[in-house]
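Q: Could you have a look at this structure, given as structure tokens, before my questions?
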Amino acid sequence: MRDLTDRALDTAASLGAGYADVRIVRRRDESISVKSGRLEGVASGETDGFGVRVLVDGAWGFASSHHLELAEADRVAALAVRIARASGTALRTRVQLDNRPPAHGRYETPLAEDPFAVPVETKIGHLIEADRAAGGVAGVTFTESTYGAQREEKTFAASDGSYVEQVITHLGAAVEANAIEGDEHQRRSYPDAGGGWRAAGYEYIRGLDLVGKAGQYAEEAVALLSAPQCPSGIATVVLDPSQLYLQVHESCGHPTELDRVYGTEASYAGTSFLTTDKLDAGFRYGSDLVTIVADATAPMGMGTFGWDDEGVEAQSVPLIRNGILAGYLTSRETAPRIGRSSGGAMRADGWNRIPLIRMTNINLLPVDGMSLDDIVADTDDGLYLATNRSWSIDDRRLNFQFATEVAYEIKRGVRGRLFKNPTYTGITYEFWRACDAVGDATSYVMLGTPNCGKGEPSQGAHVGHGVSGARFRNVQVGVGKW
Amino acid sequence: MVSGPAPKADSLPIAEDVLARALDAGATEAEVLVMADDLALTRFANSEIHQNVAETSVSVNLRFVLGRRIATISTGRSDDAGLADLVERAAAIARTCDELEDWAGLPGPDPTGPSTGHAAAYAAFATSTADATPELRAAGVRAVIAAADEQGVLAYGSFTTSREEVAVANSAGIRSHEQRTSAQLLTVHMSPNGGTGYAERAATDVTNIDPEGIGREAAARAKATDHPISVPAGDYPVVLEPYAVVDILDMLGYVGFSGLAVEEGRSFSEPGRRVGSDLVTIIDDGANTSGLPMAFDYEGVRKERVVLIENGVCRDVVYDAQTAARASRRSTGHGLPAPNPVGPFPLNMVMSHGSTPHDELISGIDRGLLVTRFHYTNPVHPKLAIITGMTRDGTFLIEGGKVVAPVRNLRFTQSYLDALAGVSAVGRDLRTLRGSFGAVVVPALRIDSWTFTGTTEH
Numbered sequence: 001m002r003d004l005t006d007r008a009l010d011t012a013a014s015l016g017a018g019y020a021d022v023r024i025v026r027r028r029d030e031s032i033s034v035k036s037g038r039l040e041g042v043a044s045g046e047t048d049g050f051g052v053r054v055l056v057d058g059a060w061g062f063a064s065s066h067h068l069e070l071a072e073a074d075r076v077a078a079l080a081v082r083i084a085r086a087s088g089t090a091l092r093t094r095v096q097l098d099n100r101p102p103a104h105g106r107y108e109t110p111l112a113e114d115p116f117a118v119p120v121e122t123k124i125g126h127l128i129e130a131d132r133a134a135g136g137v138a139g140v141t142f143t144e145s146t147y148g149a150q151r152e153e154k155t156f157a158a159s160d161g162s163y164v165e166q167v168i169t170h171l172g173a174a175v176e177a178n179a180i181e182g183d184e185h186q187r188r189s190y191p192d193a194g195g196g197w198r199a200a201g202y203e204y205i206r207g208l209d210l211v212g213k214a215g216q217y218a219e220e221a222v223a224l225l226s227a228p229q230c231p232s233g234i235a236t237v238v239l240d241p242s243q244l245y246l247q248v249h250e251s252c253g254h255p256t257e258l259d260r261v262y263g264t265e266a267s268y269a270g271t272s273f274l275t276t277d278k279l280d281a282g283f284r285y286g287s288d289l290v291t292i293v294a295d296a297t298a299p300m301g302m303g304t305f306g307w308d309d310e311g312v313e314a315q316s317v318p319l320i321r322n323g324i325l326a327g328y329l330t331s332r333e334t335a336p337r338i339g340r341s342s343g344g345a346m347r348a349d350g351w352n353r354i355p356l357i358r359m360t361n362i363n364l365l366p367v368d369g370m371s372l373d374d375i376v377a378d379t380d381d382g383l384y385l386a387t388n389r390s391w392s393i394d395d396r397r398l399n400f401q402f403a404t405e406v407a408y409e410i411k412r413g414v415r416g417r418l419f420k421n422p423t424y425t426g427i428t429y430e431f432w433r434a435c436d437a438v439g440d441a442t443s444y445v446m447l448g449t450p451n452c453g454k455g456e457p458s459q460g461a462h463v464g465h466g467v468s469g470a471r472f473r474n475v476q477v478g479v480g481k482w
Numbered sequence: 483m484v485s486g487p488a489p490k491a492d493s494l495p496i497a498e499d500v501l502a503r504a505l506d507a508g509a510t511e512a513e514v515l516v517m518a519d520d521l522a523l524t525r526f527a528n529s530e531i532h533q534n535v536a537e538t539s540v541s542v543n544l545r546f547v548l549g550r551r552i553a554t555i556s557t558g559r560s561d562d563a564g565l566a567d568l569v570e571r572a573a574a575i576a577r578t579c580d581e582l583e584d585w586a587g588l589p590g591p592d593p594t595g596p597s598t599g600h601a602a603a604y605a606a607f608a609t610s611t612a613d614a615t616p617e618l619r620a621a622g623v624r625a626v627i628a629a630a631d632e633q634g635v636l637a638y639g640s641f642t643t644s645r646e647e648v649a650v651a652n653s654a655g656i657r658s659h660e661q662r663t664s665a666q667l668l669t670v671h672m673s674p675n676g677g678t679g680y681a682e683r684a685a686t687d688v689t690n691i692d693p694e695g696i697g698r699e700a701a702a703r704a705k706a707t708d709h710p711i712s713v714p715a716g717d718y719p720v721v722l723e724p725y726a727v728v729d730i731l732d733m734l735g736y737v738g739f740s741g742l743a744v745e746e747g748r749s750f751s752e753p754g755r756r757v758g759s760d761l762v763t764i765i766d767d768g769a770n771t772s773g774l775p776m777a778f779d780y781e782g783v784r785k786e787r788v789v790l791i792e793n794g795v796c797r798d799v800v801y802d803a804q805t806a807a808r809a810s811r812r813s814t815g816h817g818l819p820a821p822n823p824v825g826p827f828p829l830n831m832v833m834s835h836g837s838t839p840h841d842e843l844i845s846g847i848d849r850g851l852l853v854t855r856f857h858y859t860n861p862v863h864p865k866l867a868i869i870t871g872m873t874r875d876g877t878f879l880i881e882g883g884k885v886v887a888p889v890r891n892l893r894f895t896q897s898y899l900d901a902l903a904g905v906s907a908v909g910r911d912l913r914t915l916r917g918s919f920g921a922v923v924v925p926a927l928r929i930d931s932w933t934f935t936g937t938t939e940h
């Protein structure tokens with residue numbers, strides 16, 4: 001790898017780049033899908049290539065190729081420089097990077113059982129057994145079960161002498177039961193609706209007990225068909241971790257991306273209400289119970305790594321401390337603008353994309369005092385909402401609306417009957433300020449999503465969210481006409 | 483050491499080579515899909531270029547069949563060792579798979595002729611786009627920014643040019659090959675007084691995109707939305723600009739226009755079911771040259787013109803080879819790359835235009851809203867096509883048949899089927915845009931009632 005990274009960096013420098021970095025990425029994917037008890041598909045993919053990012057007179061250029069050859073390193077580095085010079089024709093502020101020590105070292109996702117070494121037929125067998133357990137429940141219309149694994153081997157080198165190697169492994173599995181009657185379509189998913197992804201080895205899949213859990217989730221999908229519609233009005237809601245993680249993702253993770261705050265995602269994903277005048281000004285994001293960190297070192301998190309894709313070492317950055325805005329997700333370019341150093345949140349989706357500010361593991365820290373069960377027991381009248389079904393938030397990350405697969409009525413501290421088609425909506429900071437209970441460490445779990453979208457060309461990211469469940473007051477539920 | 487052209491992929495010879503290797507390795511059937519891309523994108527924000535990228539990539543996708551055992555393997559390598567490894571891995575995995583009981587086999591060639599040479603294949607490619615340079619894109623961006631500067635607003639957007647070569651070869655005799663190009667320029671202009679305005683164009687030929695005109699359109703809209711007022715949530719008649727109508731087609735395609743959705747009971751679509759007003763006709767047509775044409779799908783099957791909704795009545799949905807066989811139908815040429823849990827998909831939807839001039843769409847409303855664009859929409863209840871999302875980049879109050887004020891954005895929770903039923907006028911002009919899943923050609927619409935369920939601060 002060294003010869004190719006050296007060649008690209010030397011070529012970029014010789015053509016006028018003041019800074020250059022190169023990433024060589026080899027990505028391997030495997031997926032298995034089972035539908036209604038039968039194997040639907042087994043797929044395996046592999047892609048490798050390299051990308052060269054350059055700064056020429058303060059303007060960015062990037063080019064990439066799948067041809068891992070020295071002559072191609074020359075061509076791609078030269079193209080990146082040419083592109084940077086074209087960028088310079090519409091530039092108002094020269095890019096300046098913060099100083100960080102050159103990065104050196106190696107990181108690998110800790111795991112016990114390599115998922116790519118487990119025989120495919122073993123993995124197929126586990127998935128079919130789980131899927132059939134769900135499909136065996138009377139009233140289930142169809143089932144869908146998935147397994148996926150991804151491994152990235154990355155080499156990063158920069159003109160400041162940085163050189164790091166990383167091997168990052170993620171995987172997930174999930175079972176989904178669907179029940180359809182007339183125009184009603186209900187679904188329950190285990191362990192979550194996002195494929196159950198983690199940074200781990202196959203031991204995590206074995207520990208999910210997909211077969212043991214599938215039946216009870218399938219029964220709930222069928223029961224939802226005859227459940228009453230979720231009531232409309234203002235309610236107390238308790239969010240299960242399987243919903244709370246996406247609430248954190250959409251209404252805390254994205255608004256704290258500093259590139260979004262500065263407008264560089266405005267034309268696509270939008271901007272953020274969280275303007276930098278709110279930093280160090282005591283802006284109250286949530287109640288005192290709300291402390292959120294971006295922790296790229298958290299175990300099993302899909303935002304865990306050794307270094308980000310600018311060579312900044314993994315760290316834990318406070319975003320919200322006891323309800324007050326404390327920081328942002330940053331890069332080497334954006335951090336100096338708020339007088340800080342990069343928090344190491346630059347991540348690229350493979351060799352052919354530039355790094356962007358992305359979430360790492362955005363975790364709502366547990367609060368000692370009440371377990372999630374205690375919170376339910378402490379709730380006189382409310383709804384317990386579990387497993388995300390849909391999500392939407394405005395282009396400044398204020399007005400959100402979520403649907404969950406299921407709501408359980410809470411009466412006098414007891415979780416009771418089901419409601420179907422639950423939805424809730426709110427304004428980000430009003431919602432988090434109305435958080436009056438966060439679960440303790442007993443229900444704290446690392447979840448995440450493998451398909452966080454951002455950027456043009458579109459980039460997907462694997463991000464993590466540690467959450468324990470929480471309660472919110474005065475929430476509008478049952479939105480729309482049903 | 484110059485930035486010359488990227489190495490060519492020669493996609494059809496690669497497909498045929500891998501097909502021969504797969505059959506030599508014991509495959510009873512095999513399909514090879516090769517996609518070779520050159521994509522470049524210049525992105526701007528705060529009226530300056532801040533990201534500027536180019537990529538050259540190739541993907542070789544092999545569906546290896548042993549009787550009824552199927553494995554799908556892909557690689558980003560096109561060298562001899564990479565292709566040999568691809569076939570070896572595919573054969574190994576296929577041997578371990580369970581049989582797919584209802585495997586219908588790979589599709590055969592179109593009896594009316596090969597996909598290559600189809601009229602759409604020629605309309606899909608423009609040399610001007612394939613040869614677009616970083617300097618051309620930067621010049622386009624400068625024109626957009628200049629239009630923003632004239633109005634004292636800032637520009638945020640992207641200018642993309644891409645060239646894609648697609649080839650499919652399978653053991654049933656399909657040989658399909660096509661070069662496609664596309665260009666897209668979009669911008670959001672933002673004013674210091676809270677106004678935002680959107681404009682976009684997509685085309686096969688980059689010279690059909692007018693950066694200055696796009697810049698002016700967005701700037702005018704941004705100025706017109708300065709100092710927005712609040713209106714309460716509730717039911718309003720609306721005029722949806724084509725940028726918003728795109729989302730209706732995208733979502734209906736996602737939740738209902740697929741043969742797999744019908745098979746699984748997830749779709750609203752039943753032949754003969756009325757879901758829209760008489761004014762609503764939606765087709766999928768890969769040969770439509772005003773869109774971004776495609777001669778064949780990712781299984782190499784020629785794209786048929788499919789009438790999805792005709793005068794408000796559901797007619798048909800789209801199929802790939804497997805869903806078609808299970809429905810005792812012929813593939814309509816709407817397969818996506820295997821493995822494909824999503825099912826077939828309409829990637830070239832067209833909504834028929836009407837006869838109403840744009841100002842008459844608005845003058846037909848006593849009190850309602852003009853919506854430029856939707857943001858972050860998502861199905862709340864797919865079978866009922868209930869969707870939630872936000873308005874953005876140009877929302878206006880209509881009173882007495884005239885636009886009277888810009889308004890802050892609103893959240894909606896609305897059945898898109900009910901929306902189609904409420905279409906009372908269709909604009910006479912069509913616009914080609916990029917949807918979330920493909921190109922769409924759409925008019926503006928007047929809809930008698932739209933349910934807004936929330937507000938926000940901007």
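Chains A and B are the protein sequences, given in the same order.
Using this note's numbering, the letters of the first sequence map in sequence onto residues 1 to 482.
Using this note's numbering, the letters of the second sequence map in sequence onto residues 483 to 940.
The beta-carbon is built from N, C-alpha and C at its ideal position, and this holds for glycine as well.
Starting from B/Gly768, trace the alpha helix (DSSP H) in both directions and tell me its first and last residue.
A: By 1-based counting over the second sequence, the position of residue 768 of chain B is 286. Careful: B/Gly768 lies outside any alpha helix (DSSP H) and carries neither H nor E.
Q: Among all the DSSP beta bridges, which residues are the ones paired with A/Val367?
A: Residue mapping note: residue 367 of chain A aligns to position 367 of the first sequence, counting from 1. In the DSSP output, where bridge partners are listed per residue, A/Val367 has none listed.
Q: Beta-carbon separation of B/Ala566 and B/Leu544 under 8 Å?
A: Taking the second sequence and counting its residues from 1, one reaches residue 566 of chain B at position 84. Taking the second sequence and counting its residues from 1, one reaches residue 544 of chain B at position 62. Going by C-beta atoms, B/Ala566 is not nearer than 8 Å to B/Leu544.
Q: If you count every other CB in all the chains shown that lies within 10 Å of the CB of B/Lys884, and 16 or more means buried, which is it?
A: What you label residue 884 of chain B is simply residue 402 of the second sequence in a count that begins at 1. Classification of B/Lys884: exposed, given that the 10 Å Cβ count is below 16.
Q: Considering Cα atoms alone, identify which of B/Pro724, B/Ala608, B/Thr689 and B/Ile627 is closest to B/Leu927.
A: For the purposes of this step, residue 927 of chain B is taken as residue 445 along the second sequence, with counting starting at 1. For the residues B/Pro724, B/Ala608, B/Thr689 and B/Ile627, the minimum Cα distance to B/Leu927 belongs to B/Pro724.
Q: My understanding is that A/Gly439 touches A/Leu385, with C-beta atoms under 8 Å, so please give their C-beta distance in whole angstroms.
A: Along the first sequence, one-based indexing puts residue 439 of chain A at 439. Along the first sequence, one-based indexing puts residue 385 of chain A at 385. 14 Å between Cβ atoms; not a contact.
Q: What residues in its chain sit with their C-beta under 8 Å from that of B/Arg503, if we drop five residues either side in the sequence?
A: In the second sequence, counting from the first residue as 1, residue 503 of chain B sits at position 21. Same-chain partners within the cutoff: Leu565, Ala566 and Val569.
Q: Can you name the residues of chain B whose CB is closer than 7 Å to the CB of A/Trp391?
A: Counting from one through the first sequence, the residue named residue 391 of chain A turns up at place 391. Chain B residues near A/Trp391: Asn860.
Q: Closer than 8 Å between beta carbons: that is the criterion. Which residues of the stretch 154-186 of chain A meet it against chain B?
A: Within the stretch 154-186 of chain A, the qualifying residues are Asn178, Ile180, Asp183, Glu184 and His185.
Q: Does at least one heavy atom of the ligand COA sit under 7 Å from the Cβ of B/Asp798?
A: No copy of the ligand COA appears in this structure; indeed no ligand is present at all.
Q: So, helix, strand or coil for A/Ser232, using DSSP?
A: The sequence position of residue 232 of chain A within the first sequence is 232, counting from 1. Correct three-state label for A/Ser232: coil.
Q: Can you give me the C-alpha to C-alpha distance between B/Pro864 and A/Tyr163, rounded to a whole angstrom?
A: In the second sequence, residue 864 of chain B corresponds to position 382, counting from 1. In the first sequence, residue 163 of chain A corresponds to position 163, counting from 1. B/Pro864 and A/Tyr163: Cα-Cα distance of roughly 48 Å.
Q: Which first and last residues belong to the beta strand (DSSP E) in which A/Leu258 is found?
A: The residue you call residue 258 of chain A lines up with position 258 of the first sequence. No beta strand (DSSP E) contains A/Leu258, which is instead part of the alpha helix (DSSP H) from Leu258 to Val261.
Q: Could you give the C-beta distance for B/Ala654 and B/Leu722, rounded to a whole number, given that I count them as a contact under 8 Å?
A: Along the second sequence, one-based indexing puts residue 654 of chain B at 172. Along the second sequence, one-based indexing puts residue 722 of chain B at 240. Not confirmed; about 44 Å, so no contact.
Q: Say whether the stretch 220-230 of chain A touches the stretch 415-431 of chain A, bearing in mind that this needs 3 or more beta-carbon pairs closer than 8 Å, one atom from each stretch.
A: Touching, yes.
Q: In this structure, how does DSSP classify B/Gln804 when only helix, strand and coil are distinguished?
A: Within the second sequence, residue 804 of chain B is the residue found at index 322, counting from 1. In the structure shown, B/Gln804 sits in a helix (DSSP, three-state: H, G or I).
Q: Which residues in the same chain have their Cβ closer than 6 Å to the Cβ of B/Phe856, if we skip the five residues on either side of it in sequence?
A: Locating residue 856 of chain B in the second sequence gives position 374, where the first residue counts as 1. Cβ neighbours of B/Phe856 beyond the five flanking positions: Ala726, Asp729 and Gly871.
Q: For A/Pro102, I'd like the list of residues in its chain whose CB is within less than 7 Å of its CB, leaving aside the five on either flank, ordered along the chain.
A: Counting from 1 along the first sequence, the entry for residue 102 of chain A is found at position 102. Excluding sequence neighbours, A/Pro102 sits near Asp160, Gly161 and Ser162.
Q: Could you work out which residues of chain A lie near B/Asp580, taking near to mean beta carbons separated by less than 8 Å?
A: Counted from its first residue, the second sequence places residue 580 of chain B at position 98. Result: Arg38, Leu39, Ile124 and Ile128.
Q: Could you give the C-beta distance for B/Phe607 and B/Gln661, rounded to a whole number, given that I count them as a contact under 8 Å?
A: Counting from 1 along the second sequence, the entry for residue 607 of chain B is found at position 125. Counting from 1 along the second sequence, the entry for residue 661 of chain B is found at position 179. Yes, they are in contact, since the Cβ atoms of B/Phe607 and B/Gln661 sit about 5 Å apart, within 8 Å.
Q: Under 8 Å between beta-carbons, which chain B residues line up against A/Ala483? List them in chain order, please.
A: Lying before the first or after the last residue shown, residue 483 of chain A is absent from chain A, which here runs from 1 to 482.
Q: Tell me whether B/Gly758 is buried or exposed, calling it buried when 16 or more other Cβ atoms sit within 10 Å of its Cβ.
A: Indexing the second sequence from 1 puts residue 758 of chain B at position 276. So B/Gly758 counts as buried.
Q: Buried or exposed: where does A/Ser31 fall if 16 or more other Cβ atoms within 10 Å of its Cβ makes it buried?
A: Within the first sequence, residue 31 of chain A is the residue found at index 31, counting from 1. That one is buried.
Q: Listed from N- to C-terminal order along the chain, which residues in the stretch 498-532 of chain B have their beta-carbon within a distance smaller than 7 Å of any beta-carbon of chain A?
A: Going along the stretch 498-532 of chain B in chain order, one finds Leu521, Leu523, Arg525, Phe526, Ala527, Asn528, Ser529, Glu530, Ile531 and His532 with a Cβ nearer than 7 Å to chain A.
Q: From A/Val479 to A/Tyr429, what distance separates their C-alpha atoms?
A: The residue labelled residue 479 of chain A in the question sits at position 479 within the first sequence. The residue labelled residue 429 of chain A in the question sits at position 429 within the first sequence. Approximately 19 Å between the Cα atoms of the pair.
Q: Entirely within the stretch 118-165 of chain A and at least 3 residues each: give me those beta strand (DSSP E) ranges in chain order.
A: DSSP runs (the beta strand (DSSP E)) wholly in the stretch 118-165 of chain A: 142-158.
Q: If you run the structure through DSSP and keep just helix, strand and coil, what is B/Gly876?
A: Translated into positions along the second sequence, residue 876 of chain B becomes position 394. Strand.
Q: If you draw a straight line from the alpha carbon of B/Glu746 to that of B/Arg550, how long is it in whole angstroms?
A: Reading the second sequence from its first residue, position 264 is the one you call residue 746 of chain B. Reading the second sequence from its first residue, position 68 is the one you call residue 550 of chain B. Each residue's Cα considered, the two are about 22 Å apart.
Q: On the three-state DSSP scale, how would you describe A/Ser468?
A: For this step, residue 468 of chain A is matched to residue 468 along the first sequence. The answer is coil: DSSP assigns A/Ser468 none of H, G, I, E or B.
Q: Per DSSP, which one or two residues make a beta bridge with B/His940?
A: Taking the first residue of the second sequence as 1, we reach residue 940 of chain B at position 458. DSSP output for B/His940 lists no bridge partner at all.
Q: Show which residues of chain A have a CB atom less than 8 Å away from the CB atom of B/Ile627.
A: Numbered from its first residue, the second sequence carries residue 627 of chain B at position 145. Going along chain A in sequence order, the residues near B/Ile627 (Cβ under 8 Å) are Ala90.
Q: Once DSSP output is grouped into helix, strand and coil, what is the label at A/His249?
A: In the first sequence, counting from the first residue as 1, residue 249 of chain A sits at position 249. The answer is helix: DSSP assigns A/His249 an H, G or I state.
Q: Please compile the residues from chain A whose C-beta is within a distance smaller than 7 Å of the C-beta of B/Ile575.
A: Taking the second sequence and counting its residues from 1, the one referred to as residue 575 of chain B is at position 93. Chain A residues near B/Ile575: Val42, Ser44 and Val120.
Q: Among all the DSSP beta bridges, which residues are the ones paired with A/Val463?
A: For the purposes of this step, residue 463 of chain A is identified with residue 463 of the first sequence, where counting begins at 1. DSSP, once it has assigned bridges, lists A/Thr449 as partnering A/Val463.
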